[in-house]
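Undergrad: To start, I am sharing the structure in question, which I have written as C-alpha cells.
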Amino acid sequence: MKANPRDVKTGVYYIDGDVASGYGALAAGCKFIGGYPITPSTEAAEAFARIAPSAGAMFIQMEDELGSIASVLGASWAGVKSMTITSGPGYSLMMEAIGFGAMLETPFVLLNIQRGGPSTGVPTKTGQADIMQSRWGSHGDYEIIAISPDSPQEMFDYTIKAFNLAEKYRCPVMIMSDECVGHMTEKVVIPKAEEIEIEPRRFYKGPKDEYLPFKPDKDLVPRMVKAGDGYKLYITGLVHDERGYPITNQKSKIKNQKLPTRRLVDKIRLNKDKIIELKEEGTKDAEVVVVSYGISSRVAVRGIEMAREKGIKVGSLRLVTVWPFPDEKIAELSSAIKAFVVPEINYGQIVFEVERCSHGEANVILVPHGGAGVHNPDDISNAIEYAAKEKKRIEGVIEYKTRLEKLVFEEGYKLRE
Amino acid sequence: MIENKRSNPIITAVAKGIKKSGIKPLKISIPSDIPFEPEVVNHLGVDFFHTMRGRPIAFGTGLKLGNPKLKVVSFIGDLMTLGGNHFVHAGRRNMELLVICVNNFVYGKIGGRTHGFAPTFSPYSTFEEPFNVPHLANSCGAIYTARWTALHTDELANSIAEALGKQGFSVIEVLSPGPNYYTSIKEIESNLMNFYYENSVIKNHEDPRNVGITPEEKIVVGKFTDKERPTFIDSYNAQLGKVLGDKFKPYK
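Spelled out as C-alpha cells, the structure:
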C-alpha cells in the first residue's frame, strides 16, 4: 500500500533526527502518539504534535510514561497505528507495558532516543547502553524488533520501516536511536507519497463467528480486529489460548494448538531472515571486521578509513536491525577473519552477542565508551591495528583500552596509590 | 435481598445499566485490571481488555482517542494505589470514561492485605486514613460521582445507565465483598450482605466531602454529583479550531 499524500510532507528539509522521525511516523500512517516529554526525545513528539492535527492524527501528553505507553496500546487496539517516544528513565518505566504489548501481540512503535546512563545519567548527551534492555527489559519470554538508525535521513526512513514491521509481525518495534542522531541536523529528503511503501494493518476479513484473535496465519502472525466491531474480544495479559481466554498451563484445551508463548518468540525467530537488515562493506577479503550500530557505525567509517590507509584489510558490518541478532552472519564471518572490532557507547553489550556467535573462531575486541560523547576515530583505527597484529587466539572479549580509558584508569590508580 | 444468589450483583447491574442506556454493547469497551470470566464478556457482548495492574484508565484513554465513537467503561480495583495518577489526570482532562471502582476494602485475591482505601481488614487492622473516592473524583473534575454497594443493584444499574449517557469523566464506587480466599460465599450471604443492609444509608446529592468511609459511621451511598464540563475532545477541537482555523478538521 502507498502512503496517504495528506500524511507526507514531501520536500527537502534541513532538520534534526528527532523531527525527521516525527515526520516519518506521520508518513507511515501513525494516527496516535501518547508521550511524556523527556530530553533528548522531546523534539520528535513536538514535531508530530505540530503536524498531526491537519492530518487527522492525535498527540496527547500523558501524565507519565506508564500512562503514555498504556494509551498507545489502547489506541492500537482501537484500530490506529500508534507510537510513543521516550528516553532514559522513561524507557525504564515503560518496561512492564512492553512485555504486555508483546503478550497481546499489539503492533506499536517505541522511539527511544538513548541518552547517557544509568539513572538520570547525562540527559543532554548520547549513549548506547539501553540496547540490551530493549531486548530483555520486561519479564518473561518474548521477542521484539529493534532498529538503530545513524542519520536524520535514516530516522525518517526507518521510522516508516518500524511501523511496517510492527504491523507485519504484531510486536513492539523499537527505534533505538541516540541523542547524537536525534539532535544531528542534516539534509532530509522526504519523497512523494507514492514512493513510500507502507504496510496496512492486517485486519481479519472472514466470518465473524469463526474469528479467533490469536489463531496464527501461516507466518505465525494472527490477524487483528479492532475494538467496537462486535467481535466480543477478550484480551488478557494472562497466558491465553487462541480464543484469548486465560489458561493456567501451557497446554491448551483446544487441540493442535501451538504453545501460546512459544509462538511469541517463534514468529520473530522463524521470520528472522525477512526482518534482519545489515549493511556490509568490504568484508569479502577482510581480516578484521568492525561490527557497529547507530552513531558508532558513523564514527567507525572514519576509523576504518584510517586503518585502510595503514594497509589493513578491514570490512564493516553495520547492524541496522540489532534485534533479532544476525547469529548466522557473524558465525559465517568469524571462520574467515582474524578478529571482530565492536565499538559501542557502553562498557560491553552487543560485543557479547558477537562473541557468542563467533564460537571462539575469531578474537572479539570491544572499543568501549562511557557515554556523553562518541568515540575518537583514532581509537577505533588503533583497535583495528591491534586486532590485525594479534596472532594468538584469545578467549572471551578483549577490552581495548582507549586513550581516554587509559588516562582515567591509570591516573585514577596512581591517585589511589 | 438478591434474586439469584449465585450471580454477581455488579455484573448484573452492568448488564442492566447497559440495556437501560440504549447503547449497543458492541460499542462498549471494558479495560480492567482484573480478569472477568470470559463467559461474562461473551454474554454482555462487549470488548474486554485485561490490562496491566492500575493502567486501565490510561489504556482506556488510548481506546477513546483511537476511536472516539467507543464508550469506554473502566473497571478498576487498584484505583488509588497503582493507578492513582491516571485517575487524577483523566479527571482533570475530563476524558470521556466511566470508571467503576470496585472497592472490597482488600486485595481479596491475594489474601486480604491492606489497601489504599481500606478502613480495616489487615491482620492488626489498619491505622491509615482511607481515600474518599467520590470526593477525590469530584475535586479532580469528574462530572458524575456515585457510590453504591453490591446490595443496591437497581440503583447501581440506574447510575450506570445515567453515567453512560453523559459525556465526560464519571466515577461510580461500588462496595463489594472480596470473596476469594478472604471469606466464603456462605459468609458473604449471611454476614456481609447483612452488613451492607444494616450499615449503609442512602443520601443522594450529599456533599462528597462528607461521604468518607470510617469504621464508626454508616456508609453513605447515593448519587452525589452530576454536572457538565467540556470533555477533552471538545476542548481539543475548540482550541485547535481557534488556532488553525479552516486547516483543522474536528477530531471525532
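If you read the protein sequences in the order shown, they are chains A and B. FYI, in this note's numbering the residues of the first sequence are 16 to 432. FYI, in this note's numbering the residues of the second sequence are 29 to 280. From the three backbone atoms N, C-alpha and C, an ideal C-beta is built for every residue, glycine too. This one's a predicted model, so the numbers in the text were calculated from it and none came from an experiment.
List the residues of chain A whose Cβ lies closer than 7 angstroms to the Cβ of lysine 97 of chain B, in chain order.
TA: As a first step, residue 97 of chain B is located in the second sequence; it is residue number 69 there, counting from the start. Within 7 angstroms Cβ-Cβ: Gly243.
Undergrad: Which of helix, strand or coil does DSSP assign to phenylalanine 276 of chain B?
TA: To locate residue 276 of chain B, count along the second sequence from 1; it is residue 248. Phenylalanine 276 of chain B falls in the coil class under three-state DSSP.
Undergrad: What residues from the segment 86-113 of chain B come within 7 angstroms of chain A, judged by C-beta to C-beta, listed N to C?
TA: So the list reads Ala86, Phe87, Gly88, Thr89, Gly90, Leu91, Leu93, Gly94, Asn95, Lys97, Leu98 and Asn113, given in the order they occur along the chain.
Undergrad: Using C-beta distances below 6 angstroms, list every residue in its chain close to tyrosine 226 of chain A, excluding the 5 sequence neighbours before and after it, in chain order.
TA: Numbered from its first residue, the first sequence carries residue 226 of chain A at position 211. The answer, listed in chain order, is Tyr219 and Tyr246.
Undergrad: Which residues bound the alpha helix (DSSP H) around lysine 48 of chain B?
TA: For this step, residue 48 of chain B is matched to residue 20 along the second sequence. 37-49 is the extent of the alpha helix (DSSP H) around lysine 48 of chain B.
Undergrad: Output the distance between the C-alpha atoms of aspartate 75 of chain B and arginine 81 of chain B, rounded to the nearest integer angstrom.
TA: As a working mapping, residue 75 of chain B is identified with position 47 in the second sequence. As a working mapping, residue 81 of chain B is identified with position 53 in the second sequence. Near 18 angstroms, if we compare the C-alpha coordinates of arginine 81 of chain B and aspartate 75 of chain B.
Undergrad: Does any CB atom of chain A fall closer than 9 angstroms to the CB of leucine 54 of chain B?
TA: Reading the second sequence from its first residue, position 26 is the one you call residue 54 of chain B. Closer than 9 angstroms: yes.
Undergrad: What are the partner residues of aspartate 237 of chain A, as DSSP defines its beta bridges?
TA: Position 222 of the first sequence, counted from the start, is the residue given in the question as residue 237 of chain A. One detail in the question is off: residue 237 of chain A reads as proline in this sequence, not aspartate. DSSP output for proline 237 of chain A lists A:Pro231 as bridge partner(s).
Undergrad: When burial is assigned at 16 or more other CB atoms within 10 Å of the CB, is asparagine 127 of chain A buried or exposed?
TA: In the first sequence, the residue the question calls residue 127 of chain A occupies position 112. Under this definition asparagine 127 of chain A is a buried residue.
Undergrad: Could you please tell me which residues of the segment 248-264 of chain A, in chain order, have their CB closer than 7 angstroms to any CB of chain B?
TA: From the segment 248-264 of chain A, only Leu248, Tyr249, Ile250, Thr251, Gly252, Leu253, Tyr260 and Pro261 have a Cβ closer than 7 angstroms to chain B.
Undergrad: Taking buried to mean at least 16 other C-beta atoms within 10 Å of its own C-beta, is aspartate 22 of chain A buried or exposed?
TA: For this step, residue 22 of chain A is matched to residue 7 along the first sequence. With 16 or more other Cβ atoms within 10 Å, it is buried.
Undergrad: In angstroms with no decimal places, state the Cα-to-Cα distance between proline 52 of chain A and glutamine 76 of chain A.
TA: As a working mapping, residue 52 of chain A is identified with position 37 in the first sequence. As a working mapping, residue 76 of chain A is identified with position 61 in the first sequence. Taking the straight line from one Cα to the other gives about 8 angstroms.
Undergrad: Within 9 angstroms of any Cβ in chain A, is that where the Cβ of lysine 275 of chain B sits?
TA: On the second sequence, position 247 is the one that residue 275 of chain B refers to. Yes, lysine 275 of chain B counts as interfacial toward chain A.
Undergrad: In angstroms, rounded to a whole number, what distance separates the CA positions of phenylalanine 434 of chain A and threonine 242 of chain B?
TA: Since the first and last residues shown for chain A are 16 and 432, residue 434 of chain A lies out of range.
Undergrad: So what does DSSP say about arginine 141 of chain B, is it helix, strand or coil?
TA: For the purposes of this step, residue 141 of chain B is taken as the residue at position 113 of the second sequence. In this predicted model, arginine 141 of chain B has a pLDDT of only 46, less than 50, meaning its place in the structure is not dependable; the value taken from the coordinates is given anyway. Three-state DSSP puts arginine 141 of chain B in coil, outside helix and strand.
Undergrad: Can you pull the chain A neighbours of threonine 259 of chain B, defined as C-beta to C-beta under 7 angstroms?
TA: The count along the second sequence starts at 1 and reaches residue 259 of chain B at position 231. The premise fails here: threonine 259 of chain B is roughly 13 angstroms from chain A at the closest Cβ pair, so nothing lies under 7 angstroms.
Undergrad: Residues of chain A with a CB under 9 angstroms from the CB of serine 57 of chain B: which are they?
TA: Against the second sequence, residue 57 of chain B aligns to sequence position 29. Chain A residues near serine 57 of chain B: Gly89, Trp92, Ala93, Ala242, Gly243 and Leu248.
Undergrad: Does any residue of chain A bring its CB to less than 9 angstroms from the CB of asparagine 122 of chain B?
TA: On the second sequence, residue 122 of chain B is found 94 positions in, with the first residue counted as 1. No, because no Cβ of chain A sits closer than 9 angstroms to the Cβ of asparagine 122 of chain B.
Undergrad: Nearest chain B C-beta to methionine 191 of chain A closer than 9 angstroms, yes or no?
TA: The count along the first sequence starts at 1 and reaches residue 191 of chain A at position 176. No, because no Cβ of chain B sits closer than 9 angstroms to the Cβ of methionine 191 of chain A.
Undergrad: Any chance the segment 54-66 of chain B sits against the segment 82-92 of chain B, with 3 or more Cβ pairs inside 8 angstroms?
TA: Touching, per the Cβ criterion.
Undergrad: If you measure beta-carbon to beta-carbon, which residues of the segment 54-69 of chain A are closer than 7 angstroms to chain B?
TA: Listed by position along the chain: Pro68 and Ser69.
Undergrad: Can you tell me which of A:Ile352, A:Pro358, A:Arg323 and A:Glu324 puts its alpha carbon nearest to the alpha carbon of arginine 333 of chain A?
TA: On the first sequence, residue 333 of chain A is found 318 positions in, with the first residue counted as 1. Taking only the C-alpha atoms, the option nearest arginine 333 of chain A is A:Pro358.
Undergrad: Threonine 141 of chain A to valine 87 of chain A, Cα distance in whole Å?
TA: Residue numbering aside, residue 141 of chain A sits at position 126 when the first sequence is read from its first letter. Residue numbering aside, residue 87 of chain A sits at position 72 when the first sequence is read from its first letter. So the two alpha carbons sit approximately 26 angstroms from each other.
Undergrad: When burial is assigned at 16 or more other CB atoms within 10 Å of the CB, is serine 166 of chain A buried or exposed?
TA: Here residue 166 of chain A refers to the residue found at position 151 of the first sequence. Flag for serine 166 of chain A reads buried.
Undergrad: Put methionine 80 of chain B into one of helix, strand or coil per three-state DSSP.
TA: Translated into the one-based positions of the second sequence, residue 80 of chain B becomes position 52. If DSSP states are grouped into helix, strand and coil, methionine 80 of chain B belongs with coil.
Undergrad: Let me see if you follow: with CB-CB separation under 9 angstroms, is valine 229 of chain B close to chain A or not?
TA: As a first step, residue 229 of chain B must be located in the second sequence, where it is residue number 201. Not closer than 9 angstroms to any Cβ of chain A, the Cβ of valine 229 of chain B fails to qualify, so no.
Undergrad: Would you mind giving the Cβ-Cβ distance between cysteine 186 of chain A and alanine 117 of chain A, rounded to the nearest angstrom? I have them listed as a contact below 8 angstroms.
TA: Residue mapping note: residue 186 of chain A aligns to position 171 of the first sequence, counting from 1. Residue mapping note: residue 117 of chain A aligns to position 102 of the first sequence, counting from 1. With 8 angstroms as the limit, cysteine 186 of chain A and alanine 117 of chain A qualify as a contact, their Cβ atoms being about 6 angstroms apart.
Undergrad: What residues in the segment 111-131 of chain A bring their beta carbon closer than 8 angstroms to a beta carbon of chain B?
TA: So the close ones are Glu111, Ala112 and Phe115.
Undergrad: Taking DSSP as the reference, what is the three-state secondary structure of alanine 35 of chain A?
TA: Here residue 35 of chain A refers to the residue found at position 20 when the first sequence is read from its first residue. Here alanine 35 of chain A sits in helix by DSSP.
Undergrad: Consider the Cβ of isoleucine 159 of chain A: report whether some Cβ of chain B lies at a distance smaller than 9 angstroms.
TA: The count along the first sequence starts at 1 and reaches residue 159 of chain A at position 144. Closer than 9 angstroms: no.
Undergrad: For isoleucine 113 of chain A versus glycine 50 of chain A, is the C-beta distance shorter than 9 angstroms?
TA: Start at 1 with the first residue of the first sequence, and residue 113 of chain A comes out as number 98. Start at 1 with the first residue of the first sequence, and residue 50 of chain A comes out as number 35. In this structure, glycine 50 of chain A does not lie closer than 9 angstroms to isoleucine 113 of chain A by Cβ.
Undergrad: Can we say the segment 208-216 of chain A touches the segment 362-373 of chain A, given the rule of at least three CB pairs closer than 8 angstroms?
TA: They do not touch, by the three-pair rule.
Undergrad: Would valine 305 of chain A pass as a contact of isoleucine 365 of chain A if the rule is Cβ separation under 9 angstroms?
TA: The residue labelled residue 305 of chain A in the question sits at position 290 within the first sequence. The residue labelled residue 365 of chain A in the question sits at position 350 within the first sequence. Not in contact: valine 305 of chain A and isoleucine 365 of chain A (Cβ atoms no closer than 9 angstroms).
Undergrad: What does the alpha-carbon distance come out to for the pair isoleucine 413 of chain A and valine 137 of chain A?
TA: Counted from its first residue, the first sequence places residue 413 of chain A at position 398. Counted from its first residue, the first sequence places residue 137 of chain A at position 122. Answer to the nearest angstrom: the Cα atoms are 27 angstroms apart.
Undergrad: Starting from the beta carbon of glutamate 78 of chain A, find every residue of chain B whose beta carbon is closer than 7 angstroms, and list them in chain order.
TA: On the first sequence, position 63 is the one that residue 78 of chain A refers to. The contacting residues are Asn113, His114 and His117.
Undergrad: Secondary structure at glutamate 376 of chain A, three-state DSSP: helix, strand or coil?
TA: Here residue 376 of chain A refers to the residue found at position 361 when the first sequence is read from its first residue. Of the three classes helix, strand and coil, the one that applies to glutamate 376 of chain A here is coil, per DSSP.
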